[in-house]
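Heads up: the sequence shown begins at 2 in our numbering, then just goes up one per residue. From the three backbone atoms N, C-alpha and C, an ideal C-beta is built for every residue, glycine too.
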Amino acid sequence: MILLRFLLTLSLLFTLSIQASVYALPTSKSRVIGEDVRHEVLPGDYFQALAEYYNVGLLALIEANPNVDPFLPPVGSHIIIPKRMILPYAERKGIIINLAELRLYYFPPEESLVYVFPVGIGREGLSTPNLISVIGDKRKNPVWRPPSALRQRYKEEHGIDLAKEIPPGPNNPFGKYALRIGTSEYLIHGTNQRMGIGLRVSSGCIRMYADDIEWLYHNIPVGTQVKIIDQPIKMSYEAQGRKYIEVHKPLSEFPHAKKHQMSEAVNAFLGESITNEKIKQLLAEQQGVVYALK
2 MILLRFLLTL SLLFTLSIQA SVYALPTSKS RVIGEDVRHE VLPGDYFQAL
52 AEYYNVGLLA LIEANPNVDP FLPPVGSHII IPKRMILPYA ERKGIIINLA
102 ELRLYYFPPE ESLVYVFPVG IGREGLSTPN LISVIGDKRK NPVWRPPSAL
152 RQRYKEEHGI DLAKEIPPGP NNPFGKYALR IGTSEYLIHG TNQRMGIGLR
202 VSSGCIRMYA DDIEWLYHNI PVGTQVKIID QPIKMSYEAQ GRKYIEVHKP
252 LSEFPHAKKH QMSEAVNAFL GESITNEKIK QLLAEQQGVV YALK
């Protein structure tokens, strides 16, 4: 029976296609969407497979469950799937990529919906920049032409000479689809590897799961606005005086800067609760889950 359940679990995780998380936009000034999922760990579960199944980033899953082994979570225990979030503080238009939370938001025109996808971004030293632009071009089966600086770095790090041009196929790290941001060298693209979505691992581009980038390719027109931001702390005032906060690890090239620099806006939002031990713990742990202050 246990073996059968294990096989069924594996079958479920690897045959279901990844789907975008779609949410109805909240009314009035509300900014909290979705609900976290409590997943009961089954034999054979591990975080990478669960991240793909629930369409969340791997790092988001790890940070939401800091005391759980991502490779061998205890069978029968429950882990948090972070599907509840606060919308970034930005105009609800086109594509918004919040680097700190490793998520892409798409707001289709004339629809009260938002589509949310996990993404991989540039690793330290090769950071994805903040910018405002548009989708300048869409490519199916893109050719990868690694720039000379990347080929040099790859040679130094791995001792391998990269070809100047990688044709479409299983060895192409762009996957099957790519969207160019403006006329820049930065792309939103797929991948030929399962790992890397929801992590800082790229050379500056935005990586997505294969099914997610395919959906985006077919549904996002050229000219769609793209805004890349970095908001590690998101806050929301909700109905009946309720306040919610979502804290992510800030992006930084320097280890000493990983702690949050508290802005006046954050201090004003927290008010007297900033002295609360639970709030101090929340700001220190940076688990990326939505927490109700009151």
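Cβ-Cβ separation, residue j to residue i (assumed contact under 8 angstroms), whole Å
i	j	result
residue 182	residue 136	7 angstroms
residue 228	residue 133	5 angstroms
residue 37	residue 81	5 angstroms
residue 74	residue 42	5 angstroms
residue 207	residue 98	6 angstroms
residue 65	residue 83	5 angstroms
residue 120	residue 209	6 angstroms
residue 294	residue 234	Their Cβ separation, rounded to whole angstroms, is 13 angstroms, which puts residue 294 and residue 234 out of contact at 8 angstroms.
residue 85	residue 202	Contact flag wrong, Cβ pair sits at about 25 angstroms.
residue 144	residue 24	In fact, because the Cβ distance is near 35 angstroms, the residues do not count as touching under 8 angstroms.
residue 1	residue 44	Only positions 2 to 295 of the chain appear in this structure, which leaves residue 1 out of reach.
residue 176	residue 211	6 angstroms
residue 198	residue 59	7 angstroms
Where residue i falls, given that 16 or more other Cβ within 10 Å makes a residue buried
i	result
residue 178	buried
residue 104	buried
residue 241	exposed
residue 196	exposed
residue 254	Reliability of the predicted coordinates at residue 254 is poor, the pLDDT of 46 falling under 50, and the value obtained from them is presented with this limitation in mind. Answer is exposed; the Cβ neighbour count stays below 16.
residue 290	buried
residue 159	exposed
residue 187	buried
residue 114	exposed
residue 173	buried
residue 87	buried
residue 272	exposed
residue 243	exposed
residue 285	exposed
residue 223	exposed
residue 34	buried
residue 259	Its pLDDT being 46, under 50, residue 259 is placed unreliably by the model, and the measurement read from it follows with that caveat. Exposed, since its Cβ has fewer than 16 Cβ neighbours within 10 Å.
residue 53	buried
Extent of the continuous beta strand (DSSP E) run through residue i
i	result
residue 112	That residue, residue 112, is in no beta strand (DSSP E); it is neither H nor E in DSSP.
residue 133	132-141
residue 22	22-25
residue 237	234-238
residue 39	38-41
residue 96	95-99
residue 247	244-248
residue 61	Element bounds for residue 61: not the beta strand (DSSP E) but the alpha helix (DSSP H), 59-65.
residue 226	226-230
residue 293	291-293
residue 81	79-82
For residue i, the first and last residue of its enclosing alpha helix (DSSP H)
i	result
residue 54	48-55
residue 185	That residue, residue 185, is in no alpha helix (DSSP H); it is neither H nor E in DSSP.
residue 220	211-220
residue 155	149-159
residue 280	278-286
C-alpha distance - residue i paired with residue j, whole-angstrom precision
i	j	result
residue 296	residue 283	Nothing can be reported for residue 296: it is not among the residues displayed for the chain, which extend from 2 to 295.
residue 106	residue 165	33 angstroms
residue 100	residue 122	7 angstroms
residue 180	residue 139	5 angstroms
residue 131	residue 200	17 angstroms
residue 71	residue 95	34 angstroms
residue 170	residue 163	15 angstroms
residue 267	residue 27	22 angstroms
residue 50	residue 102	20 angstroms
residue 279	residue 232	21 angstroms
residue 55	residue 128	26 angstroms
residue 248	residue 288	6 angstroms
residue 147	residue 184	16 angstroms
residue 250	residue 238	22 angstroms
residue 225	residue 142	21 angstroms
residue 32	residue 108	14 angstroms
residue 153	residue 161	9 angstroms
residue 2	residue 22	Confidence in residue 2 is poor, its pLDDT being 42 and thus under 50, which makes the residue's placement unreliable; the coordinate value appears in the next sentence. Cα to Cα, residue 2 sits roughly 33 angstroms from residue 22.
Notebook entry, point to check: Is there contact here, the segment 206-219 with the segment 185-195, by at least three beta-carbon pairs under 8 angstroms?
Noted result: Between the segment 206-219 and the segment 185-195 there are three or more inter-stretch CB-CB distances shorter than 8 angstroms, so the stretches are counted as touching.
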